[in-house]
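Undergrad: Just so you know, the sequence shown maps onto residues 339 to 757 in our numbering. C-beta: ideal position from N, C-alpha, C; glycine also. Given the structure is predicted, the values throughout are model-derived calculations rather than measurements. There's a structure below that I have some questions on.
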Amino acid sequence: MSKVYMENGKLVVPDHVTVPFIEGDGVGAEITPVCQQIVNVAVEAAYHGQRSIEWKEVLAGGKAFKETGEWLPEATMDAFREYLVGIKGPLTTPVGGGIRSLNVALRQALDLYVCLRPVRWFKGVSSPVKEPEKVNMHIFRENTEDIYAGIEWEQGTPEARKFYDFLHNEMGVKNVRFPETSSFGVKPVSKEGTQRLVRAAIEYALYHKLASVTLVHKGNIMKFTEGGFKRWGYEVAEKEFSEQTFTMNQFEQLKKDLGEESARAEMAKAVNGGKILVKDCIADAFLQNTLLMPDDYSVIATLNLNGDYISDQLAAMVGGIGIAPGANINYQTGHAIFEATHGTAPNIAGKNIVNPCSLLLSSVMMLEYLGWKEAAALITEALEEAFSKGQATNDLARFMPDGQSLSTTDFGQLIVDLL
Ligand code: NAD
339 MSKVYMENGK LVVPDHVTVP FIEGDGVGAE ITPVCQQIVN VAVEAAYHGQ
389 RSIEWKEVLA GGKAFKETGE WLPEATMDAF REYLVGIKGP LTTPVGGGIR
439 SLNVALRQAL DLYVCLRPVR WFKGVSSPVK EPEKVNMHIF RENTEDIYAG
489 IEWEQGTPEA RKFYDFLHNE MGVKNVRFPE TSSFGVKPVS KEGTQRLVRA
539 AIEYALYHKL ASVTLVHKGN IMKFTEGGFK RWGYEVAEKE FSEQTFTMNQ
589 FEQLKKDLGE ESARAEMAKA VNGGKILVKD CIADAFLQNT LLMPDDYSVI
639 ATLNLNGDYI SDQLAAMVGG IGIAPGANIN YQTGHAIFEA THGTAPNIAG
689 KNIVNPCSLL LSSVMMLEYL GWKEAAALIT EALEEAFSKG QATNDLARFM
739 PDGQSLSTTD FGQLIVDLL
């Protein structure tokens with residue numbers, strides 16, 4: 339077996355590849371083997387032995403702590419560094435101790451700056467929206483910056499006092515309403531961090547032939563951080579992808595120069611000619627718009643905190659967290675960790691009822707990332723068939739008309755049989 343590597347900015351994937359995996363805590367022990375079996379069968383069905391995956395277990399979370407005394411052993415980090423592409427089940431967040439979150443630690447160590455969440459609806463799955471078939475979005479959430487970076491000080495500590503004194507005495511900040519009882523957080527948003535994220539989103543839209551990229555921000559209020567995100571995002575599109583994109587920024591300029599009618603004509607020409615429309619939307623309006631006219635959006639590029647909210651809302655529109663896949667990726671180094679987006683679900687662990695589809699669809703994303711599209715498509719088609727007949731785990735089946743609740747292992751076997 340051999341390793342995935344990068345050559346001239348491109349991922350090189352051997353036919354027989356080793357993939358490190360973290361089983362995951364709680365329901366991880368149930369979903370991981372089911373997903374691996376399905377992936378193995380799909381790869382065999384698609385390539386008849388020409389391609390295969392060797393799964394290499396690495397430890398993290400509760401299992402790692404039990405066996406090694408560490409939550410995230412260095413050997414695990416080394417395996418992800420070395421093999422580039424890996425996958426993980428959900429991890430318990432350690433209570434107390436130095437690590438805030440194992441997921442954040444992994445993302446930071448490998449500088450996985452894109453959190454990619456594709457959101458699509460499967461026929462048969464119950465949805466709270468009227469036209470779920472119109473939901474097909476791909477969220478690019480910035481993963482390393484923003485108020486999420488964890489730079490904050492608790493009220494009442496000497497650090498919070500010192501930070502406030504600096505703001506007040508040296509920066510002339512006079513509008514902290516309750517300085518004595520305030521905690522403080524810092525929100526770094528950089529041009530570099532924004533541009534690598536937006537670049538990845540545009541390249542993804544080009545590769546998958548998607549119609550638009552929307553920059554979602556609160557730049558109307560936070561002018562330098564979120565407003566910067568919007569400006570720098572448009573700049574990437576206009577400077578680096580001028581042949582392939584048309585931006586709403588250009589539209590506004592044309593409107594000023596030539597009038598609205600000519601600007602609209604130019605935009606229509608660009609879009610009809612196959613250019614990607616790069617637009618922006620204020621985050622609150624965006625959440626509303628995704629409910630009212632979801633088909634207006636395709637690829638979404640957004641900051642870390644906005645991305646968190648957006649991911650959950652969109653996931654809820656197509657069936658909830660049991661079915662929402664995700665990945666954390668650095669497109670420059672090739673490092674990528676695909677993951678179940680839900681937690682360890684301790685309330686249902688060990689009952690053989692957990693839905694394996696979040697991890698399974700993340701495995702599909704991984705196969706696509708490796709360029710093994712045929713195997714990925716086989717799994718997606720099998721899922722479409724099962725859901726359209728109302729066959730699913732209980733979390734989905736209970737809301738389906740004529741739904742048939744299957745255990746985790748029976749659902750896994752059904753997908754294997756369909757493959
Ligand atoms: P959770 O996602 O584990 O569970 C929330 C609810 O959703 C529960 O009722 C659970 O039964 C249900 N659920 C989750 N996944 C499901 C699935 N695949 N199929 C059916 N039902 C499912 O969130 P929580 O309870 O807040 O967190 C539990 C633990 O997981 C905590 O330690 C938390 O820190 C951790 N966590 C880890 C991750 C991760 O590793 N990515 C993400 C979120 C939470």
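(1) Any heavy atom of the ligand NAD closer than 6 Å to the CB of residue 686?
(2) My parser needs the alpha helix (DSSP H) runs of 4 or more residues fully inside the region 686-713; what are they?
(3) Jot down the residue ranges of each uninterrupted beta strand (DSSP E) in the region 370-402, minimum 3 residues, whole runs only, in chain order.
(4) Can you give the beta carbon distance from residue 461 to residue 726, rounded, assuming they're within the 8 Å contact cut?
(5) Please classify residue 733 as buried or exposed, where buried requires at least 16 other C-beta atoms within 10 Å of its C-beta.
(6) Following the continuous alpha helix (DSSP H) through residue 568, name the residue where it begins and the one where it ends.
(7) Please list the terminal residues of the continuous alpha helix (DSSP H) segment that includes residue 541.
(8) Which one of 404, 681, 476 and 514 has the shortest CA to CA distance from residue 628?
(9) Just to confirm, does residue 683 get its C-beta within under 6 Å of one of the non-hydrogen atoms of the ligand NAD?
(10) Under the rule that 16 or more other beta-carbon atoms within 10 Å means buried, what is residue 613, buried or exposed?
(11) State the Cα-Cα distance for the pair residue 430 and residue 556, rounded to the nearest angstrom.
(12) DSSP beta-bridge partners for residue 676?
(13) If you measure from the CB of residue 430, is any heavy atom of the ligand NAD nearer than 6 Å?
(14) May I ask you to verify whether the region 563-574 touches the region 531-548, counting CB pairs closer than 8 Å and requiring at least 3?
(15) Here's the rule: buried if 16 or more other CB atoms are within 10 angstroms of the residue's CB, otherwise exposed. What is residue 445?
(16) Less than 8 Å between the CB atoms is what I'm expecting for residue 750 and residue 375, so what's the real figure, rounded?
(17) For residue 528, which residues in the same chain have their Cβ closer than 7 Å to its Cβ, ignoring the five residues on either side in sequence?
(18) Can you tell me which of 712, 748, 681 and 666 puts its alpha carbon nearest to the alpha carbon of residue 454?
(19) Per DSSP, residue 491 forms a beta bridge with which residues?
(20) Quick check on the DSSP output: what are the complete beta strand (DSSP E) runs of length 3 or more inside the region 428-470, in order along the chain?
TA: So, from the data block:
(1) yes
(2) 695-708
(3) 390-395
(4) 5 Å
(5) buried
(6) 564-578
(7) 529-545 is the extent of the alpha helix (DSSP H) around residue 541.
(8) 476
(9) Yes, since a heavy atom of the ligand NAD falls inside the 6 Å radius drawn around the Cβ of residue 683.
(10) buried
(11) Between residue 430 and residue 556, the alpha-carbon positions lie close to 32 Å from each other.
(12) DSSP lists 425 and 665 as the bridge partner or partners of residue 676.
(13) yes
(14) yes
(15) With 16 or more Cβ atoms within 10 Å of its Cβ, residue 445 is classed as buried.
(16) 6 Å
(17) 483, listed in sequence order.
(18) 666
(19) 522
(20) 452-458
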